[in-house]
Amino acid sequence: MEIILRSSTTVVFRGRPGGEKTQAASESCVQEEKENQSQYEEDNELVACAPQKAPPTPQRDLHGDHLLSVQNDNLEAPPGEESAATEADHCHSSTCFPVYDGLMFCASRHTDRIYLYSKDGEPLICNFIPLDIKLENWDDLPGAMQQKPNRSLILRFVREWSSLTAMKQRMIRKSGLMFSSPVLAAGELSRQHSAHSSTKRYLTKEDVAAASLSKVQSSGGSVRLVSRERTSSIREKVSLRTAAGPPTRSKDVKDAGPAADAEGKGYLQAVDSAGVPLCVYCQENASATWDNRFCSRKCQDEFLIRSSQSYMRAKVFETEHGVCQQCCLNAHELFLSVRDAPPSQRKGLLESTWMAQLPIDQLNELIRSPTEGQFWQVDHIRPVYGGGGQCALDNLQTLCTVCHRERTAHQAKERSRSKKLSVASKYGSDITKFFTKV
Numbered sequence: 001m002e003i004i005l006r007s008s009t010t011v012v013f014r015g016r017p018g019g020e021k022t023q024a025a026s027e028s029c030v031q032e033e034k035e036n037q038s039q040y041e042e043d044n045e046l047v048a049c050a051p052q053k054a055p056p057t058p059q060r061d062l063h064g065d066h067l068l069s070v071q072n073d074n075l076e077a078p079p080g081e082e083s084a085a086t087e088a089d090h091c092h093s094s095t096c097f098p099v100y101d102g103l104m105f106c107a108s109r110h111t112d113r114i115y116l117y118s119k120d121g122e123p124l125i126c127n128f129i130p131l132d133i134k135l136e137n138w139d140d141l142p143g144a145m146q147q148k149p150n151r152s153l154i155l156r157f158v159r160e161w162s163s164l165t166a167m168k169q170r171m172i173r174k175s176g177l178m179f180s181s182p183v184l185a186a187g188e189l190s191r192q193h194s195a196h197s198s199t200k201r202y203l204t205k206e207d208v209a210a211a212s213l214s215k216v217q218s219s220g221g222s223v224r225l226v227s228r229e230r231t232s233s234i235r236e237k238v239s240l241r242t243a244a245g246p247p248t249r250s251k252d253v254k255d256a257g258p259a260a261d262a263e264g265k266g267y268l269q270a271v272d273s274a275g276v277p278l279c280v281y282c283q284e285n286a287s288a289t290w291d292n293r294f295c296s297r298k299c300q301d302e303f304l305i306r307s308s309q310s311y312m313r314a315k316v317f318e319t320e321h322g323v324c325q326q327c328c329l330n331a332h333e334l335f336l337s338v339r340d341a342p343p344s345q346r347k348g349l350l351e352s353t354w355m356a357q358l359p360i361d362q363l364n365e366l367i368r369s370p371t372e373g374q375f376w377q378v379d380h381i382r383p384v385y386g387g388g389g390q391c392a393l394d395n396l397q398t399l400c401t402v403c404h405r406e407r408t409a410h411q412a413k414e415r416s417r418s419k420k421l422s423v424a425s426k427y428g429s430d431i432t433k434f435f436t437k438v
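For the sequence shown, full-length UniProt numbering begins at 1 and goes up steadily by one.
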């Protein structure tokens with residue numbers, strides 16, 4: 001068979017007559033070739049439309065070589081050390097904050113804020129409120145204090161601070177100390193205050209007189225009687241007395257002595273040999289103060305806490321607000337509710353609280369005429385019979401009437417037991433004298 005190709009699409013077969021099958025196969029081949037040709041042309045058009053990439057320039061090759069070199073340097077850096085490129089990238093991506101191995105704290109005297117200092121006592125110019133930290137509010141603190149190691153130090157402080165009673169927190173605030181642990185600071189202040197021990201509940205006029213006479217006997221001078229009244233009112237009385245009768249000494253507070261003695265409100269105060277009055281509490285110079293009975297506000301506050309029940313109660317209420325420190329009952333709020341309620345509703349208010357455990361007679365008294373002293377009392381943490389009398393505020397706490405009755409009964413049993421043991425040890429027989437050596 002002879003095949004003649006006249007064009008790309010025409011095929012002529014010459015052969016023996018009667019070869020229909022061969023001709024049909026040839027036509028099928030021609031059709032497949034046409035389809036292949038059209039597919040090839042479409043592929044060429046797609047390739048022609050595709051964007052052509054420019055050949056790499058020498059500068060791009062150098063830049064790629066530089067990046068590869070930096071990556072190799074990072075991989076080859078010794079363990080525990082970062083390459084310069086990594087450190088630069090880190091400082092660029094985030095600000096570097098200092099990490100403190102310890103912090104010092106100082107509580108504000110008049111607010112709830114805590115001021116931060118470094119371990120060496122350098123101020124960090126930032127502060128926070130412990131309640132905000134407990135509520136996960138860190139907005140008052142800068143970013144440096146919000147880093148994990150620094151956050152741990154602050155959280156530990158907040159846990160210790162929250163474990164202290166309100167009275168101990170107040171004691172730390174008034175001290176103005178800088179400390180690292182609130183628990184240790186409270187313990188140190190308590191040890192300083194517990195140096196004084198007394199089995200008397202209050203500081204009396206006899207105690208002040210004894211201290212003044214002892215000072216005069218040891219250092220010389222004299223004593224005078226001063227009144228709780230203000231000096232201005234005393235001078236007014238003296239001036240009126242002067243106008244009515246013969247002239248008397250009106251410049252000295254001693255002129256009010258008879259009146260003060262008659263009223264029973266005077267204290268015996270020591271005066272040194274130069275005529276300078278001494279503080280009735282600490283026996284120091286008291287001439288440069290507004291009240292020449294005391295040398296400072298602190299001495300006046302400490303004296304009144306130890307000598308006046310009403311003043312002591314007011315100071316405890318100022319810190320603990322009438323909330324029982326044992327059962328957490330807000331006794332002052334309950335008192336206000338009972339007092340302001342009609343008498344017919346007072347019984348229901350009392351029965352729904354812890355106060356329902358009181359005896360019937362005492363409950364009836366609360367219903368008839370409720371007073372604040374019937375709902376909460378000031379209790380000595382270290383009992384008076386154990387040397388806790390005439391104490392500072394750190395030895396005082398608020399207790400509701402029920403808790404105070406229970407604690408008083410428990411202390412009475414302990415005191416009775418200790419008395420019996422002391423008597424038994426004093427009059428008991430020593431049986432060792434009946435022993436004989438064999």
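Virtual Cβ for every residue (Gly too), placed ideally from N, Cα, C.
Restricting attention to 153, 416, 167, 274, the CA atom closest to the CA of residue 101 is found in 153. In this structure residue 408 does not touch residue 325 by the C-beta definition: roughly 15 Å separates them, more than the 8 Å allowed. For the 7 Å CB-CB criterion, residue 215 and residue 146 do not form a contact. Residue pairing from DSSP places residue 380 in a beta bridge opposite 396. Membership of residue 339 in the alpha helix (DSSP H) is indicated by the continuous run 331 to 340. Nearest C-alpha to residue 274 among 395, 413, 287: 287. Note on geometry: alpha-carbon atoms of residue 376 and residue 140 lie some 38 Å from one another.
Not a single unbroken stretch of the beta strand (DSSP E) spanning 3 or more residues falls wholly within the segment 140 to 188.
DSSP places residue 285 within a strand segment (E or B) once states are collapsed to three.
A residue is called buried once 16 or more other Cβ atoms fall within 10 Å of its Cβ, and residue 114 is buried on that count. In this structure, residue 380 sits near residue 388, with a CB-CB distance shorter than 7 Å. With 16 or more other Cβ atoms from the protein chains shown falling within 10 Å of its own Cβ, residue 168 counts as buried. Around the beta carbon of residue 322, a 10 Å sphere encloses 16 or more other beta carbons of the protein chains shown; the residue is thus reported as buried.
The DSSP-derived three-state label of residue 269 is strand. Cβ contact annotation for residue 105 (same chain, cutoff 8 Å, sequence separation greater than five): 114, 115, 116, 117, 157, 178, 179, 180, 182, in chain order.
Counting only residues of its own chain and dropping the five nearest sequence neighbours on each side, residue 270 has a CB closer than 7 Å to the CB of 212, 215, 216, 221, 223, 278, 283. The distance from the Cβ of residue 202 to that of residue 300 is about 16 Å, inconsistent with a contact at the 8 Å cut-off.
According to the DSSP assignment, residue 344 belongs to the alpha helix (DSSP H) that extends over 343 to 351.
By the neighbour-count criterion, in which 16 or more other beta carbons inside 10 Å mark a residue as buried, residue 371 falls on the exposed side. A residue is called buried once 16 or more other Cβ atoms fall within 10 Å of its Cβ, and residue 315 is buried on that count.
In the three-state reduction of the DSSP assignment, residue 106 falls in the strand class.
Between residue 166 and residue 97, the gap from beta carbon to beta carbon reaches 7 Å or more.
Around residue 313, the same chain offers 378 as residues with beta carbons nearer than 6 Å, after the five sequence neighbours per side are excluded. With contacts defined as CB atoms closer than 7 Å, residue 390 and residue 218 fail to qualify as a contacting pair. Secondary structure of residue 363 (DSSP, three-state): helix.
Boundaries of the alpha helix (DSSP H) around residue 219: 205 to 219. In the assembly as shown, residue 346 is a buried residue. Its beta-carbon has 16 or more other beta-carbons within 10 Å. For residue 313, the enclosing alpha helix (DSSP H) covers residues 309 to 320.
Rounded to the nearest angstrom, the gap between the Cα atoms of residue 185 and residue 172 is 7 Å. Per the coordinates, the alpha-carbon of residue 226 lies some 11 Å from the alpha-carbon of residue 294. For the pair residue 366 and residue 374, the CB atoms are nearer than the 7 Å cut-off.
Residue 424 and residue 196 have their alpha carbons spaced roughly 30 Å apart. Short of 7 Å from the beta carbon of residue 404, and not among the five residues preceding or following it, lie these beta carbons of its own chain, in chain order: 377, 379.
In this structure, residue 354 sits away from residue 384, with a CB-CB distance that is not shorter than 7 Å. Assignment of residue 125 by DSSP, reduced to helix, strand and coil, places it in the strand class.
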